[in-house]
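**Student:**
Protein chains: 2
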Amino acid sequence: MTPSAAPALRRNAVEPALGELHALLGDRLSTAQAVRDHHGTDVSYHTPYPPDAVAFAQSTEEVAAIVKICARHGLPVIPYGTGTSLEGQIGAVQGGVCIDLGQMNRVVRVNPEDMDVTVEAGVTRKQLNAHIRDTGLFFPIDPGADASLGGMAATRASGTNAVRYGTMRENVLSLTVVLADGRIIRTARRARKSAAGYDLTRLFVGSEGTLGVITEVTLRLQGIPEAISSAVCAFATIEGAVNTVIQTIQAGVPVARIELLDEVQIDAVNKYAKLDYQVAPTLFFEFHGTERGVVEQAETVEALAQDNGAGEFHWATKPEDRSKLWQARHDAYFAALALKPGCKGWATDVCVPISRLAECIVETKKDLAASFVPAALVGHVGDGNFHLVYLIDPNKPAEINEAARLNERMVLRAIAMDGTCTGEHGVGWGKMEFLQAEHGEALSVMRQLKIALDPDGIMNPGKIVRV
Amino acid sequence: MTPSAAPALRRNAVEPALGELHALLGDRLSTAQAVRDHHGTDVSYHTPYPPDAVAFAQSTEEVAAIVKICARHGLPVIPYGTGTSLEGQIGAVQGGVCIDLGQMNRVVRVNPEDMDVTVEAGVTRKQLNAHIRDTGLFFPIDPGADASLGGMAATRASGTNAVRYGTMRENVLSLTVVLADGRIIRTARRARKSAAGYDLTRLFVGSEGTLGVITEVTLRLQGIPEAISSAVCAFATIEGAVNTVIQTIQAGVPVARIELLDEVQIDAVNKYAKLDYQVAPTLFFEFHGTERGVVEQAETVEALAQDNGAGEFHWATKPEDRSKLWQARHDAYFAALALKPGCKGWATDVCVPISRLAECIVETKKDLAASFVPAALVGHVGDGNFHLVYLIDPNKPAEINEAARLNERMVLRAIAMDGTCTGEHGVGWGKMEFLQAEHGEALSVMRQLKIALDPDGIMNPGKIVRV
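Just so you know, the sequences run in chain order W and L.
If you're matching positions, the first sequence starts at 238 in the numbering used here and goes up one per residue.
If you're matching positions, the second sequence starts at 238 in the numbering used here and goes up one per residue.
1. Less than 8 Å between CB atoms is the rule here; does R362 of chain L satisfy it with respect to chain W?
2. Write down every uninterrupted run of the alpha helix (DSSP H) in the segment 356-398 of chain L whose length is 4 residues or greater and which is fully enclosed by it, in chain order.
3. Return yes when at least one heavy atom of the ligand NAP lies under 7 Å from the C-beta of N366 of chain W, else no.
4. Mind listing the chain W neighbours of K430 of chain L? Cutoff is C-beta to C-beta under 9 Å, in chain order.
5. Check M696 of chain W in the structure and name its three-state DSSP category.
6. Could you name the residues that DSSP lists as bridge partners for Q459 of chain L?
7. Could you tell me if K687 of chain L is buried or exposed, where buried requires 16 or more neighbouring beta carbons within 10 angstroms of its beta carbon?
8. Whose C-beta lies closer than 8 Å to the C-beta of K508 of chain L among residues of the same chain, with five residues either side of it excluded?
9. Are any of the Cβ atoms in chain A nearer than 8 Å to that of D371 of chain W?
10. Can you tell me which residues form a DSSP beta bridge with I629 of chain L?
11. Can you tell me whether E596 of chain W is helix, strand or coil according to DSSP?
12. At 3 residues or longer, what runs of the beta strand (DSSP E) sit wholly inside the segment 506-585 of chain W?
13. Mapping DSSP to helix, strand and coil, what is P253 of chain W?
14. Can you tell me the Cα-Cα spacing of A565 of chain W and L512 of chain W, whole angstroms?
15. Which chain L residues sit within Cβ distance under 8 Å of V664 of chain W?
16. Looking at the structure shown, is P288 of chain L part of a helix, part of a strand, or coil, going by DSSP?
17. Can you tell me whether F609 of chain L is helix, strand or coil according to DSSP?
18. Based on Cα-Cα distance, which residue from W:A254, W:V300, W:V291 lies nearest to E453 of chain W?
19. Bridge partners of T657 of chain L, per DSSP?
20. Does the Cβ of D183 of chain L have 16 or more other Cβ atoms within 10 Å, making it buried, or fewer, making it exposed?
21. Assign D586 of chain L to one of two classes, buried (16 or more other C-beta atoms within 10 Å of its C-beta) or exposed (fewer than that).
22. Quick one: residues in its chain with C-beta nearer than 8 Å to the C-beta of V266 of chain W, no 5 flanking neighbours on either side, listed in chain order?
23. What do you get for R248 of chain L, buried or exposed, if any count of 16 or more other CB atoms within 10 angstroms of its CB means buried?
24. Using a Cβ-Cβ cut-off of 7 Å (strictly less than) and excluding sequence neighbours within five positions of S411 of chain L, which residues of its own chain qualify?
25. Distance, Cα to Cα, G263 of chain W vs E523 of chain L?
26. Just tell me which of W:V280, W:P287, W:H283, W:T268 has its CA closest to the CA of D274 of chain W.
27. Determine the closest residue to L614 of chain L out of L:R401, L:A505, L:G333, with distance taken between C-alpha atoms.
28. Mind checking which residues open and close the beta strand (DSSP E) that includes E476 of chain L?
29. Which whole runs of the beta strand (DSSP E) in the segment 253-327 of chain L are 3 residues long or more, in chain order?
30. Determine the extent of the alpha helix (DSSP H) in which C701 of chain W is found, giving its start and end residues.
31. For the segment 347-359 of chain L, which residues have a beta carbon sitting closer than 7 Å to at least one beta carbon of chain W?
32. Please state if the CB of V702 of chain L and the CB of R684 of chain L are separated by a distance shorter than 8 Å.
33. Using a Cβ cut-off of 9 Å, pull out every chain W residue sitting near S592 of chain L, in sequence order please.
34. Taking the DSSP output, what are the residues bridged to D504 of chain W?
35. Taking the alpha carbon of T350 of chain W as the reference point, which residue from L:A488, L:G328, L:L605 has its own alpha carbon closest?
36. How should N398 of chain W be labelled, buried or exposed, when 16 other C-beta atoms within 10 angstroms of its C-beta is the threshold for buried?
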């Protein structure tokens, strides 16, 4: 699809708005082509859309001042964290001002007793974990990139630990948000639960900048477990691997990570990192708990896996062995790209009820087997969520069209199984066209919410809902 | 406070609307005084407000038809589950039609592999657990009453298990909702996670019928643990008990329940059930896990408790002993009422960051010690949430005023500690006046959402937000 173009009206507003913004920000407003290009380009295959200018904000109040200027001139506002989104979320498809929150990178307050932390939106997940290392706590959510926590909240990110610790939906306690008219709100207090009114926190988590700009995030933290162990195990079939996952979760094993790599992906990882894993559907496990608890979890899962056609378990309990094991998983994306030198990766994901996961994966792989576009599969299978990366040459329309066809078939298959068009990558403009099929009449409610909170349509327009 | 009165306009709409509803529902529309009185009265101390009529709906489509008739006539719609709310949520403060969902009590579909279930809104939590008993699964959320699951979603209920399993916020996967104009939406698919647009599920969870009528609920289920053990332990001080809770959670012990009863409440329970617990601040624990895991959890917690001035642990592992132990906790409300024969209970709750919990409880108990209105305290302390029940004679304004004064002090204290005016009872009209102090500018956003989705103000008007 192609995003809708900027209304002509807005183009005339650019110059006067930039004048006011320059007066406010001085050289923290940039219109340099390289800066604009950088801020219109995410890590996806999507066409970049550079903004008219980039504003480097340093405080919530400054973000509010920027938004007020843009609102007065009807100019779009696009929030930017680390630029690592995957569905075109940061593209200035109607022009406007990109607000880069990277300089808002202070850890505001750590509350070890409450196991929570408040950070500015530009703090990244790795920065946070380095900052709190000595508290015995950690923040578990780990999308592939070292994304900003504001961006992770905005896209409802998750990652490999979500099966145990939840996604950003479950781990954000409160947000500070600048609204389309410059009002500043805090969406909730720091209490662990509340029944006091509408859940504004969850409304803004996943709203991708279309309802407001997230400037501060209060997050739950977790205790670093006493013991961690990891394992890798190959299976004769994808079904055997997925059934092991289903039975593990039904048995109440609090598995921390349970990741699937298909045989294409394992082959890619082997070649990329000079490893020698068996080329077969493979599960990567991680267990968190007490010393005894971790052993018990591992024994339970190993027994289930044997019943489902598993090969030998390769265990890693020492930190350096675990790191090596998980490096293979983390390298998956770049390993896949290396299968086709010079290609770009079109990353996509869907999520289905876990009872349909094996079927969804098997049917999707049938499509891939019959296609000339190669693709590798990895999955956060404990959540019913899996990813494909199509390896395409973006200069060859035939490859793009074929990837689009494969993607549409996979998404509609997932929706038909009562699943979703994206488990964790978000909508941006890349998946807007699927929301009607997924949500039906509920999409009209999303549109009502968008119009209510952003009547002039300046907040990251052209994403999630069409108005 | 007193709720705002019905606009005169609406009174004229009653007769014609009831005529149409009668044609639709026949004798499932009742205007009998006893039926109306019953449906305007919850289990709280709040003044009852009977509706003009009660409609007993049997399907989502029928609810939609009822709402459309009411919308055409501008008549309020108040959803009703079991009538067990605590802040006046079901009172027809501006008149209108109560939709009783009690006949919508079918379990629509159990998906054991996905560990989820879809029920009609009128199914109660105990009915659900009886229905799924043979699947090895259970639904953990347990407010005091055997409430309907639609009502529990609408009020964002929780209970004693929330510290382990979360509240309705975390356990609702999807809702079917009838909107103010009769549109029917499903808020999400059945996938465990999704990044596909605004989180409508969480918007309606906790909205107390003010944005729409919930008619179906899809819920997460949990595996029945292999082993369960319970314990009771008295402490020298409230601080010792609360510090034990904080340290338990920081240590990563996945405690399933951790409940505090103060010495007043223990004394009441002793008298009510002829028990002989030591009259002191007391924690009730429950551990879920494997046989070995439960022992390990218990050992960890017992060691922490000893360091915090605990007395002897009384263990219960056999089901009948556990039931007896928890019966004492479940009897708390009626035991408290029995302290003052003929009184009514004014139940209230707040929730604070757990680091402030001891201080909040101690200061609140100082207020109580200096007051002539008796009150007993119980708490879901793992969440930072505690309840008071003021024992009042509702015919004595001095007692009501005193309870209101104590309640206001406690609520404002909790808010000043970055807590919330209600952890799980909800707002209704009983706590509306505190939302400005809690949410500030964010309350204006809630108002915008209310106006966007219910422009004519017919959905349970006079609750949560003033328009």
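Note that beta-carbon positions come from the ideal geometry of N, C-alpha and C, so glycine has one too.
Small disclaimer: the values here were computed from a predicted structure and weren't measured.
**Tutor:** Quick answer:
1. no
2. Scanning the segment 356-398 of chain L from its first residue to its last, the whole alpha helix (DSSP H) runs of 4-plus residues come out as 362-368, 386-391.
3. Within the structure as shown, the ligand NAP is missing, as the structure has no ligands at all.
4. R393, S395, A399, G403, T404, R406, C588, H617, D620, G621, N622, T657, G660, E661
5. strand
6. L:F375
7. buried
8. A572, A575, L576
9. Of the protein chains in the structure, W and L, none is chain A.
10. L:K581
11. helix
12. Taking only runs of at least 3 residues, the beta strand (DSSP E) segments lying wholly in the segment 506-585 of chain W are 519-526, 547-553.
13. Three-state result, P253 of chain W: helix.
14. 8 Å
15. A432, A433, G434
16. Coil, per DSSP.
17. coil
18. W:V300
19. L:C588
20. This structure does not reach residue 183 of chain L, given that chain L is present from 238 up to 704, and the question cannot be answered.
21. buried
22. In the sequence on display, residue 266 of chain W carries Leu and not Val. Excluding residues within five positions, the ones whose Cβ falls inside 8 Å are L255, L258, H259, A290, V291, A292, F293.
23. exposed
24. R423, T424, A425, R426, R427, T438, T455
25. Distance between the alpha carbons of G263 of chain W and E523 of chain L is about 59 Å.
26. Taking only the C-alpha atoms, the option nearest D274 of chain W is W:P287.
27. L:A505
28. That residue, E476 of chain L, is in no beta strand (DSSP E); its alpha helix (DSSP H) goes 475-487.
29. DSSP runs (the beta strand (DSSP E)) wholly in the segment 253-327 of chain L: 290-293, 314-317.
30. Cys is not the amino acid found at residue 701 of chain W; the sequence shown has Ile there. Premise fails: I701 of chain W is in no alpha helix (DSSP H) and is neither H nor E.
31. N348, E350, D351, M352
32. yes
33. N348, P349, E350, D351
34. Beta-bridge pairing links D504 of chain W to no other residue.
35. Contrary to the premise, residue 350 of chain W reads as Glu rather than Thr in this sequence. In terms of CA proximity to E350 of chain W, L:A488 leads the group L:A488, L:G328, L:L605.
36. Buried is the call here.
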